[in-house]
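Peer 1: Can you read through this structure? Questions will come right after.
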Amino acid sequence: MRYLPHTPEDIASMLAVVGADSLEELFGSIPADCRRTGQLQLPRPLTEWELTDHLTELSRHVATGPEYTLFMGAGSYDHHIPAVIPYLMSRSEFVTSYTPYQPEISQGTLQAIYEYQTLTARLLGMEVANASLYDGASALAEGLLMAVRITRRNRVAVSRCIHPLYRQVVATYFKPTGIELSEIPCAATGRTDMSALEGVKDLAAIAVQSPNFFGCIEDLEAFAGRARETEALLVAAFTEPLAFGLFKNPGSQGADIVCGEGQSLGLPRSLGGPALGLFASRMKYVRSMPGRLVGKTVDQSGKSGFVLTLSTREQHIRRERATSNICTNNSLCALNAAMYMAVLGGAGMRKLARLNYDKAEYLKKELRRSGFQTPFSSPTFNEFVVKAPRGFSETYQRLLARKIVAGLALEPFYPELRDHYLLCATETRTRREIDRLIKEVSP
Amino acid sequence: MRYLPHTPEDIASMLAVVGADSLEELFGSIPADCRRTGQLQLPRPLTEWELTDHLTELSRHVATGPEYTLFMGAGSYDHHIPAVIPYLMSRSEFVTSYTPYQPEISQGTLQAIYEYQTLTARLLGMEVANASLYDGASALAEGLLMAVRITRRNRVAVSRCIHPLYRQVVATYFKPTGIELSEIPCAATGRTDMSALEGVKDLAAIAVQSPNFFGCIEDLEAFAGRARETEALLVAAFTEPLAFGLFKNPGSQGADIVCGEGQSLGLPRSLGGPALGLFASRMKYVRSMPGRLVGKTVDQSGKSGFVLTLSTREQHIRRERATSNICTNNSLCALNAAMYMAVLGGAGMRKLARLNYDKAEYLKKELRRSGFQTPFSSPTFNEFVVKAPRGFSETYQRLLARKIVAGLALEPFYPELRDHYLLCATETRTRREIDRLIKEVSP
Amino acid sequence: MTETLGTTGLILNEPLLWEKGKKGRIGYSLPRADIETSSVDETLLGQELDFPELSEIDVVRHYTRLSQWNFGVDTGMYPLGSCTMKYNPKVHERLSGLNGFSNAHPLLPAGLMQGALQLMFELQNYLAEITGLDAVSLQPAAGAQGELAGMLMLYAYHRRNGRPRSKILVPDTAHGTNPASAALCGFQPVPVGSNEQGILSPGRVADLMDEDTAGIMLTNPNTLGFFEENIKAIAEIVHAKGGQVYCDGANLNAVMGMVHMGAMGVDVMHLNLHKTFSTPHGGGGPGSGPVCAKSHLAPFLPIPRIIKTDGGYGLSEDFPDAIGKLHAFWGNFGVMIKAYCYILSMGPEFLKKASQLAVLNANYIKDSLKDVFHLAYDKPCMHECVFSDKLQKSHGITTLDIAKRLMDYGFHPPTIYFPLVVSGAIMIEPTETESLENINEFIDACKAVAKEAAAGPETLKQAPVRTRLKRLDEATAARRPCLAD
Amino acid sequence: MTETLGTTGLILNEPLLWEKGKKGRIGYSLPRADIETSSVDETLLGQELDFPELSEIDVVRHYTRLSQWNFGVDTGMYPLGSCTMKYNPKVHERLSGLNGFSNAHPLLPAGLMQGALQLMFELQNYLAEITGLDAVSLQPAAGAQGELAGMLMLYAYHRRNGRPRSKILVPDTAHGTNPASAALCGFQPVPVGSNEQGILSPGRVADLMDEDTAGIMLTNPNTLGFFEENIKAIAEIVHAKGGQVYCDGANLNAVMGMVHMGAMGVDVMHLNLHKTFSTPHGGGGPGSGPVCAKSHLAPFLPIPRIIKTDGGYGLSEDFPDAIGKLHAFWGNFGVMIKAYCYILSMGPEFLKKASQLAVLNANYIKDSLKDVFHLAYDKPCMHECVFSDKLQKSHGITTLDIAKRLMDYGFHPPTIYFPLVVSGAIMIEPTETESLENINEFIDACKAVAKEAAAGPETLKQAPVRTRLKRLDEATAARRPCLAD
Ligand SMILES: Cc1ncc(COP(=O)(O)O)c(C=O)c1O
Ligand SMILES: Cc1ncc(COP(=O)(O)O)c(C=O)c1O
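Residue numbers (the numbering used here), protein chains in the order written: chain A, 63 to 505; chain B, 63 to 505; chain C, 39 to 523; chain D, 39 to 523.
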């Protein structure tokens, strides 16, 4: 077996050294009643070639571009990934190393993550970002828990316009905590209904997503003001950070904690995982932050370098009093995002974001002309909600057969939104593809 | 443009230093009548995404596996390529470096090529191998020229059982040299007809390929004997080095110069190029050898290392008196082949070669049972010639439509071989594929 | 110092991204706009982001140079205890990158992602078979989230039984994530000391286990590299008090195909696919931490779970008692693919063989180094062995010094100062993919370092000397945090 | 020495392949045998090959470590004169690896390889347009084989005209492959000295050109980095005597979109796709050396050529005067793909811009270093500039010492001791893909080295000191050749 270097002679000589007669004998400490009787019931080993055929076959049974045309975002976005990134990401010095506990032989990871933290902080308009969390959903849960720790308050309010699956994860994290989790309803505009917060007191956090699940840009400044008045923290979530290439980022609008998903930053969608939890906050809260942090320092000869720092927040030091239980994070995904931000640069982010906006606006306009309503008045970025004409669900199925996925039906997530669909158009959707969709859905 | 780092400010400040007002001014030394008037008539620049779509589309119009099933070798063989090889081959320290003229920062290439030379020498049973030539065909031409240099004779005899395209290249190289190029006919056995050499004198070289173009194993020992008697050199060619994992290699049979194609050693077929010219000889002839050589030496501190050596043979030193005009060779392909030989090892080469033999024998047996004749009696490795039943050419076309390429028709290369086809089955052809072919061709 | 694996060579310095580049450059190919631009509400516009602007070659060189400052498994032996730094097959990278996988949108209708669902369904079954448990959820993104899932399941289980419990037993050898995960669930971790054999004794567990204790959260084999021989008795004690047994499965690499977690009395456990199942650790992640349970806890597993439908495969949320979702989508699918490939490549015999060789390598190192470093517990180990700096202390040498010096010899240091029960712990996990020659080279390096230590502190105190940067000042980094430019 | 780009870091030593590994290991996954074994003639069997046997991780580490001893364009600036070491776009690696290209069998029926033929056909046309010549053959595998093709064409041309010729004019600045290729064709190269301006003067050509001379083989821009300003006059002289003008196009990177080779009087030339068109040099190759000709020489071009057919595209051998084939199949297709991608990505404007910036970079270096190193010819240059060690000689410092010391500063040395007409030549070709910052860093390094040289020979004589190996003994290597283990 090509992964196991031991020859029979190796095994024999090693057994001699450890004074055992057989490999089995090494497991003498395992009581008989803990052992498995008989072999694992698993398929016989496949050769590299059989494995490749099998996986290739499986992969053919998933609908992806270019064969399929998707107009679906909803937390996972189709963006071009420059070829330099997969190449650089394949460098095994990055891929096959682990947490940089030993900085002298991990400077590659450490500097790259320090750069990631810096670029992420700038992207979100915050003072400090951590080295990554699992994904946008757990990042939001961690953000709310952090707010609870900081404010020592026991209630959080979460907008119903936040990605429904994120809210489910938050609910899972909160169940045993006894923290009260209330929901801020959505207004007719497609934005969070701030008026619902009138008179609500003692909140640890107000959580709002922008662009929100409906693609609408929220008025975060207003929520920040509201939070300030009530000494709550504004936790700003997001699923599409590319929006901050064009629109105001959460930090510039007064958010205290910002958490969301970084998949858009050059990561393959990969069925939703591995993803990338971006997490940032004001510097004064850094000691309450979850996750790892890379800091700048110097070596004995005064050369500047990087190390993991403030680890007294973390489980391996603080154990049950840690700010989070996270250990393995999504470091490689963070590296990927850093490369993407470096490749685009400031102007590139601006132009690409604008192109996303224009594509979606074009799609929106064309859909309107073909009988779709856009119920929500608020501005959007690269996705938006439409109310489809009667009988669209059949059309939707017909389109699937024609290898077009015309967005996401919202009813399963928002029963009140019958016939509503969330559609997305990024830079990867061409005018031809959009026009084809329009042709298909036009009466 | 992402490949051009200069900003307008950069250009301005640099122009100032060189004292020019414009980029155009830098070309002042070019007379007006040498200049091009107007812009190049080429397509406008494509984005990375347009380029990717365009190339992907072009690549779809080439018949390859798994969609197509090929039973064609004839100098280009379908072998499994372990995933480690493309990964390691992608390391840019290997890919983006050039000829290791500066050994201190090229030890990676140099040691790898030294290892390649050693493994190639062992594969071919020779004392010394060079650092690669372009492909098997030019390697054969260089081998014959080398024999002429060594023997100072002016006639070479080349077997008609050698790959016809290789013989065409030899003819091209020889046309202006005034060296007499004669052909040794093929015998009914599918081997070279040695009797044709009776009484032939003053030959610089006798060139024979084994396995030859028909897949037949030649009796190189006999030719070596013949060469010795007449003080000619035996130049042994090959297109499928994997055969030497199972059968005697040319060196062990007394060849003086061995040259052939290394594509089988883990290189993608890539429409025939880049390929890999393997070239080896007896040590006593090394100073007449074409191409680069890497040698072992030590550094100032006595550590062992590697350098390009014996370069007095080469064009950059010897100019018109060089042993060859080659400069850029196929080094990266040599690295690829070395990795492949390292991954397989001695036992792996043996087992894989045996599997190739068995697959081809199975195909041969099945074809015989379905009315094909095997006109040539000599043993073969992984390809062989059949005489197809009447009307097979229609079947052949029908099979193409069914995405099966049933070998290579020989008549275009050997008018006397009407209805003869050269078929190949390597380890990549499954029993199912073979049985399907048989079903299709059975009456 | 004679010729060793580690030496020095030409390496290039590289500044921070924003210290290179220049406004007006770009490394990205902007897509052509094939539609007109639409008007945008100016009041919403933000500043242009302050990102460095680099040409493509700048970016390529930046990360190529950075990569050369890193040490990975592909560079050399990486015996980082508890982290199972085994070889990560390259073919898995290629297969997980197949278009149908890497470009898959998570919210596709199930009918359009059958290939992915089949893979996950089969992986669930394989993991159930390997652990000997009944049901699996692939949701957790890493081990710690798997632990959290397990704790949430215990919480939900006791609640449904109408008797919420406030405590959980956690051995003093436990990994830091264990108490942290328990606490996140509102459980108060009650430490259980391990005995002089480095394992749990039923007695101590019996003394601490009560009706307000949700169960025990143990690791088997534990972080000292020992099999918890009394686990069955312990499980009985815990079960007798209505508690549940959680097993941290991060060390499964020691016992694949050898043990049956179900038979052992384990009710729920998590696995680290990025350790046992050879998926790369990526400089800190991503991982994947599936949670496996006995049938009585299966209803509580995180959702969705992958089920067989008459049509093929589906994502099911139809588990009313489930603790809910832990990941926005379906977990770290890209990592699961590699673990799935690993299981299929190894099959039953080689998975077992892998564990046997991992244990052989660890015992070989233990016996070869026991006169060199102080062995915390002198007895046969499983996949890892734990030494300490006791013998070197006298020369003023600490575990940290030894670790740093090993770098100069060309090895990644072992895990240090963990587990906490061994002061100055040096925790060595070679894994099965290291050949005898590599192991011997590592042993020789350890001996050489010990000899240098005996000769006086200077050499080790200055180590590492061959790395581009010398020992880094972690204290200042923490005192005056500089976390972003 | 203050903080420079070059420094030292941890690098691992690695023995030869057969010094590691062990019988019984394997790094390959043997395909399952799905057919019975057949009998084989025992008398034909050879010995099992004496190859090292390694597990997959051994192989991965071996080549990973070796790669880290290498310096490539992705590592840093590589101003190797005459070699055009520009950035090699990564997307080209991916596209040339597409299944339809990398797995294509060369002998497929034309109808089954239309995509590949279209690519080659269009590439032929693009190269014709870029050179300003009429027809192109993609057969030659590298520049030298392109030269050979050109020489064979001149040979065939004169023969067909019934007057074979025995000599050819070759400037003293020519690359070694030029005379070698000419000689391979039976032509006796007649050296033409370049004038004090570093270019050819019509007078000298006129003196040497006669009816027995096949033509001239010049390089434009030449290897001194100068444009052969008199080329038109020279071409007229050569043509007047019935000769032909061959142009070595290896330096085309200086003049893309600027010049018209046809208008210049060039009859035939080769291009180095692996230089001008950014295909990676692969540690020595592969390359691709298409040959381009005016219509009167087109009939002689190597075959096959790619033609348009009513069906689409085809490989045509239907050129009775053709010199024949040079490659077993159709040339280095995999390299052509990358050049094709490069041309399509750059388009007319950026190809021209690339040449302009390449020339700007070279002149900037020339002017910045002319007080540091002796400038062979003090005049504006094209894409490269040539210095010498004249100023350093007095300190006992040679070009070789300077080259070795530049490594310590983190740069690949320039081409040295070529062209031969400049003794101790230092030939610098930065290419257009180096930014101003990189160029300045290189200039500073050169100045620092010159300063060290002035301070006394020791530092440079010992250089390089930062590489894993110190200066290697090339003399012994040649005296006692050890070419295989
Ligand atoms: C014993 C043990 N338990 C739990 C964990 C946590 O797993 P993860 O890092 O994947 O969250 C680890 C790994 O760090 C571990 O070694
Ligand atoms: C000026 C010149 N001519 C010809 C060549 C030969 O090209 P190749 O090395 O591709 O054979 C080279 C490159 O080495 C060169 O620099």
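We treat Cβ as the ideally placed atom computed from N, Cα and C, and that holds for glycine.
For clarity, every value in this text was computed on a predicted model and none was experimentally measured.
Run through DSSP, which three-state label would residue 227(C) get?
Peer 2: Stepping through the third sequence from its first residue, residue 227(C) is reached at position 189. Strand, per DSSP.
Peer 1: Can you tell me whether residue 41(C) is buried or exposed, with buried defined as 16 or more other CB within 10 angstroms of its CB?
Peer 2: Here residue 41(C) corresponds to residue number 3 of the third sequence, with the count starting at 1. With fewer than 16 other Cβ atoms within 10 Å, it is exposed.
Peer 1: Tell me whether residue 401(B) is buried or exposed, calling it buried when 16 or more other Cβ atoms sit within 10 Å of its Cβ.
Peer 2: Position 339 of the second sequence, counted from the first residue, corresponds to residue 401(B). Residue 401(B) should be labelled buried.
Peer 1: Rounded to the nearest angstrom, what separates residue 255(A) and residue 249(A) at their Cα positions?
Peer 2: Here residue 255(A) refers to the residue found at position 193 of the first sequence. Here residue 249(A) refers to the residue found at position 187 of the first sequence. Cα to Cα, the separation comes out at about 5 Å.
Peer 1: For residue 120(B) versus residue 135(D), is the C-beta distance shorter than 8 Å?
Peer 2: Numbered from its first residue, the second sequence carries residue 120(B) at position 58. Numbered from its first residue, the fourth sequence carries residue 135(D) at position 97. Cβ distance not < 8 Å, so residue 120(B) and residue 135(D) don't count as in contact.
Peer 1: For the region 184 to 269 of chain C, list the alpha helix (DSSP H) runs that are entirely contained and at least 4 residues long, ordered along the chain.
Peer 2: The qualifying runs are 215 to 222, 240 to 246.
Peer 1: By Cβ distance, which residues of its chain are closer than 6 Å to residue 90(D), with the 5 residues on each side in sequence left out?
Peer 2: Translated into the one-based positions of the fourth sequence, residue 90(D) becomes position 52. If we look at residue 90(D) and ignore the five residues flanking it on each side, its Cβ neighbours are 55, 56, 59.
Peer 1: Taking 7 Å as the cut-off, is the beta-carbon of residue 120(C) closer than that to any non-hydrogen atom of ligand 1?
Peer 2: The residue you call residue 120(C) lines up with position 82 of the third sequence. Indeed, a heavy atom of ligand 1 lies less than 7 Å from the Cβ.
Peer 1: Measure how close the beta-carbons of residue 132(D) and residue 52(D) come, nearest whole angstrom, since I'm counting them as under 8 Å.
Peer 2: For the purposes of this step, residue 132(D) is taken as the residue at position 94 of the fourth sequence. For the purposes of this step, residue 52(D) is taken as the residue at position 14 of the fourth sequence. Actually they do not touch by this definition, with Cβ atoms about 29 Å apart.
Peer 1: Below 8 Å between beta carbons: does that hold for residue 165(D) and residue 68(D)?
Peer 2: Residue 165(D) sits at position 127 when you count from the first residue of the fourth sequence. Residue 68(D) sits at position 30 when you count from the first residue of the fourth sequence. Result no, Cβ atoms of residue 165(D) and residue 68(D) do not sit closer than 8 Å.
Peer 1: Ordered along the chain, which non-local residues of its own chain (more than five positions away) have a Cβ less than 7 Å from that of residue 39(D)?
Peer 2: Mapped onto the fourth sequence, residue 39(D) falls at position 1. Note that residue 39(D) scores a pLDDT of 42, beneath 50, so its modelled location is shaky; the value from the coordinates is reported in the next line. Nothing listed; no residue qualifies.
Peer 1: So the candidates are 237(C), 398(C), 444(C); which of them puts its Cα closest to the Cα of residue 503(C)?
Peer 2: Taking the first residue of the third sequence as 1, we reach residue 503(C) at position 465. Of 237(C), 398(C), 444(C), the residue nearest in Cα terms is 444(C).
Peer 1: Identify which residue in 179(C), 232(C), 148(C), 122(C) has its Cα closest to the Cα of residue 387(A).
Peer 2: The residue given as residue 387(A) occupies position 325 in the first sequence. Of the candidates 179(C), 232(C), 148(C), 122(C), the one whose C-alpha sits nearest the C-alpha of residue 387(A) is 179(C).
Peer 1: Considering only DSSP beta bridges, list what residue 286(C) is partnered with.
Peer 2: What you label residue 286(C) is simply residue 248 of the third sequence in a count that begins at 1. Residue 286(C) is bridged to 257(C), 308(C).
Peer 1: Which residue comes first and which comes last in the alpha helix (DSSP H) that contains residue 395(B)?
Peer 2: As a working note, residue 395(B) is residue 333 in the second sequence. Where residue 395(B) is concerned, the enclosing alpha helix (DSSP H) stretches over 393 to 431.
Peer 1: Shortest alpha-carbon distance to residue 370(B) belongs to which of 478(B), 346(B), 194(B)?
Peer 2: In the second sequence, counting from the first residue as 1, residue 370(B) sits at position 308. Per the Cα distances, 194(B).
Peer 1: Are the C-beta of residue 510(A) and some C-beta of chain C separated by less than 8 Å?
Peer 2: Examination of residue 510(A) is not possible in this model, given that chain A is present from 63 through 505 alone.
Peer 1: Work out the CA separation of residue 333(A) and residue 137(C) for me, nearest whole Å.
Peer 2: In the third sequence, counting from the first residue as 1, residue 137(C) sits at position 99. In the first sequence, counting from the first residue as 1, residue 333(A) sits at position 271. Approximately 11 Å between the Cα atoms of the pair.
Peer 1: Give a yes or no on whether 8 Å exceeds the smallest Cβ distance from residue 49(C) to chain D.
Peer 2: As a working mapping, residue 49(C) is identified with position 11 in the third sequence. It does; some Cβ of chain D falls within 8 Å.
Peer 1: Inspect the beta-carbon positions of residue 208(A) and residue 352(A) and report whether they are closer than 8 Å.
Peer 2: To locate residue 208(A), count along the first sequence from 1; it is residue 146. To locate residue 352(A), count along the first sequence from 1; it is residue 290. Their beta carbons are under 8 Å apart, which means residue 208(A) touches residue 352(A) by this criterion.
Peer 1: Listed in chain order, which residues of the region 106 to 121 of chain B have Cβ atoms closer than 9 Å to some Cβ of chain D?
Peer 2: Residues 106, 107, 108, 109, 110, 112, 113, 114, 116, 117, 118, 119, 120, 121.
Peer 1: Indicate whether at least one CB of chain A lies closer than 8 Å to the CB of residue 316(D).
Peer 2: Residue 316(D) sits at position 278 when you count from the first residue of the fourth sequence. Chain A contact via Cβ: absent.
Peer 1: Going along the chain, which residues of the region 456 to 468 of chain A sit with their C-beta nearer than 9 Å to a C-beta in chain C?
Peer 2: From the region 456 to 468 of chain A, only 462, 467 have a Cβ closer than 9 Å to chain C.
Peer 1: Measure the Cβ-Cβ separation of residue 85(A) and residue 430(C) and say whether it is below 8 Å.
Peer 2: Along the first sequence, one-based indexing puts residue 85(A) at 23. Along the third sequence, one-based indexing puts residue 430(C) at 392. Result no, Cβ atoms of residue 85(A) and residue 430(C) do not sit closer than 8 Å.
Peer 1: Judging by CA-CA distance, which residue of 106(B), 360(B), 230(B), 109(B) is the nearest neighbour of residue 340(D)?
Peer 2: Stepping through the fourth sequence from its first residue, residue 340(D) is reached at position 302. Nearest of 106(B), 360(B), 230(B), 109(B) to residue 340(D), Cα basis: 230(B).
Peer 1: For residue 47(D), write down the residues that DSSP places opposite it in a beta bridge.
Peer 2: In the fourth sequence, the residue the question calls residue 47(D) occupies position 9. Paired residue(s): 47(C).
Peer 1: Tell me where the beta strand (DSSP E) around residue 322(A) begins and ends.
Peer 2: Position 260 of the first sequence, counted from the start, is the residue given in the question as residue 322(A). Residues 319 to 323.
Peer 1: I'd like to know if the region 475 to 482 of chain D and the region 497 to 512 of chain D are in contact, where contact means that at least 3 CB-CB pairs between them fall below 8 Å.
Peer 2: They do not touch, by the three-pair rule.
Peer 1: Decide if residue 362(B) is buried, meaning its Cβ has at least 16 other Cβ atoms within 10 Å, or exposed.
Peer 2: Locating residue 362(B) in the second sequence gives position 300, counting from the first residue. The residue in question, residue 362(B), is exposed, as its Cβ has fewer than 16 Cβ neighbours within 10 Å.
Peer 1: Just to confirm the assignment: which complete beta strand (DSSP E) runs, minimum length 3, are found wholly within the region 462 to 488 of chain C?
Peer 2: For the region 462 to 488 of chain C, whole beta strand (DSSP E) runs of length 3 or above, ordered along the chain, are 464 to 466.
Peer 1: Sort out for me which residues DSSP pairs residue 349(A) with in a bridge.
Peer 2: To locate residue 349(A), count along the first sequence from 1; it is residue 287. Answer is none; residue 349(A) lacks a bridge partner.
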